[in-house]
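In terms of the working numbering, the sequence shown opens at residue 74 and continues consecutively.
Ideal placement from N, C-alpha and C gives every residue a C-beta, glycine not left out.
Report on the structure given below.
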Amino acid sequence: MTDTATLQRASKSLDLSPFPRTSLCHQPTPIESMPRLTELLGGPSLFIKRDDCTGLAMGGNKTRKLEFLVGEAMRQKADVLVTQGAVQSNHVRQTAAAACKVGMKCHVLLERRVPGVDASYEETGNVLLDNLFGATHEFRPAGLDMNAEGEAAAEALKADGHRPYFIPGGGSNAIGALGYVNCAKEISDHAETTGQTFDWLVMATGSTGTQAGLVAGFEAVGHTLPVMGVSVRQPREKQMNAVHGLTQKTLEKLGVEGVPLSRILVDDGYVGDGYGIPAPSTLEAVRLTAQQEGILLDPVYSAKGMAGLIGMIRQGFFKPSDTVLFLHTGGASALFAYQEQLIASLN
Ligand SMILES: *Cc1c(COP(=O)(O)O)cnc(C)c1O
């Protein structure tokens, strides 16, 4: 305990003040124990960092990224945020809410990425909230280069006299990743002030900004905590390379030397049939976390992350004496778009 605590004490300082930023987030988010889930699974000790409680419009991980992205948009005197995502994107919902908070408009492109969806999929959940925030949207078929589509939409708005600021899918560029650099610092500060340290951090990884920001942030403050990303979409190699690429860009932005590819840890065993399609293990994770801890996960991201954590525990990946921190990245507002599958999984 003492050894780890010493090891994990942040040895370097980190200054994010040079980067434009606007306040959107409740932070630091709480770290809570999950005693009943720990007991059910027979250890290790499980804790959860509640980034579902970041506070903006039902919360989630994109709000941390948007503090820096919207900060940059404001610096550029933009009047409309343009972004893209899958139809039930949490990133789009949080961007639409952030635009309202700072008095900008929001225009989004929604990719019909998920096959075989509920009848109400394009109206309920996050889409309902996007509309409530007054965001305008266009649909796109699956498989296009959505960032290129988004940039073209921003160009068209510019030609019409608007001042668009384009945010890539998931807010995952080096600016957005700063939000998770800051989260890494928060976890490191928590260890320093409370003495509570962790052996692993486990989370869902999609567009990569969250994991890249965390790895870059821990590196920047000199805090050694391995970050295991559970892929929600891509095979391991591909996801590792993508996370690594953004980690390097983020470290460069911070003026910190890069890290080797071996620092990026990804498990792709819980993707199931693909992005946005819950596997049986996903639905089990939603149910167990709800019924043991009263915590809502989402069927696209955080429950695949939790299914990974549960699967790794069952495979004996962790020592029973380990303490594992799960990062809850939010997304429960999408549960309603998966009503039929959820109901079927409870019977
Ligand atoms: C976007 C998202 C993730 C994945 O984060 P990335 O930075 O895109 O890898 C995880 N969980 C939820 C709920 C999300 O909306």
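Pick from Ser193, Val288, Pro299, Leu298 that is closest to His317, judged by C-alpha positions = Val288
Would you check if the distance between the CB atom of Gly14 and the CB atom of Asp371 is smaller than 8 Å?
-> Because the chain in this structure spans residues 74 to 420, residue 14 falls outside the shown range and cannot be described.
Any non-hydrogen atom of ligand 1 closer than 7 Å to Gly403 Cβ = yes
Taking Leu142 and Gly244 to be in contact with their CB atoms under 8 Å, please state how far apart those CB atoms are, rounded to whole angstroms.
-> 5 Å
Answer with buried or exposed for Pro308, where buried requires no fewer than 16 other C-beta atoms within 10 angstroms of its C-beta.
-> Burial call: exposed.
Which residue's Cα is closest to the Cα of Asn246: Gly198, Ala315, Phe390, Phe206?
-> Answer by Cα proximity: Ala315.
Inter-stretch contact (C-beta, 8 Å, three-pair minimum) for the region 128 to 136 and the region 229 to 239 | no
In its own chain, which residues sit with a C-beta less than 6 Å from the C-beta of Leu324, not counting the 5 before and 5 after it?
-> Ala289, Gly331
Kindly indicate the opening and closing residues of the beta strand (DSSP E) around His263.
-> It is not in any beta strand (DSSP E) - His263 instead sits in the alpha helix (DSSP H) that spans 247 to 267.
With DSSP as the reference, please indicate the residues paired to His210 in a beta bridge.
-> Val181
How many Å lie between Pro188 and Thr270 at the Cα?
-> 41 Å
Would Leu400 be called buried (16 or more neighbouring beta carbons within 10 Å of its own) or exposed?
-> buried
C-beta atoms of Gln161 and Thr136 nearer than 8 Å = no
Do Gly282 and Val305 have their C-beta atoms closer together than 8 Å?
-> no
According to the Cβ coordinates, are Ile368 and Ile121 closer than 8 Å?
-> Their beta carbons are under 8 Å apart, which means Ile368 touches Ile121 by this criterion.
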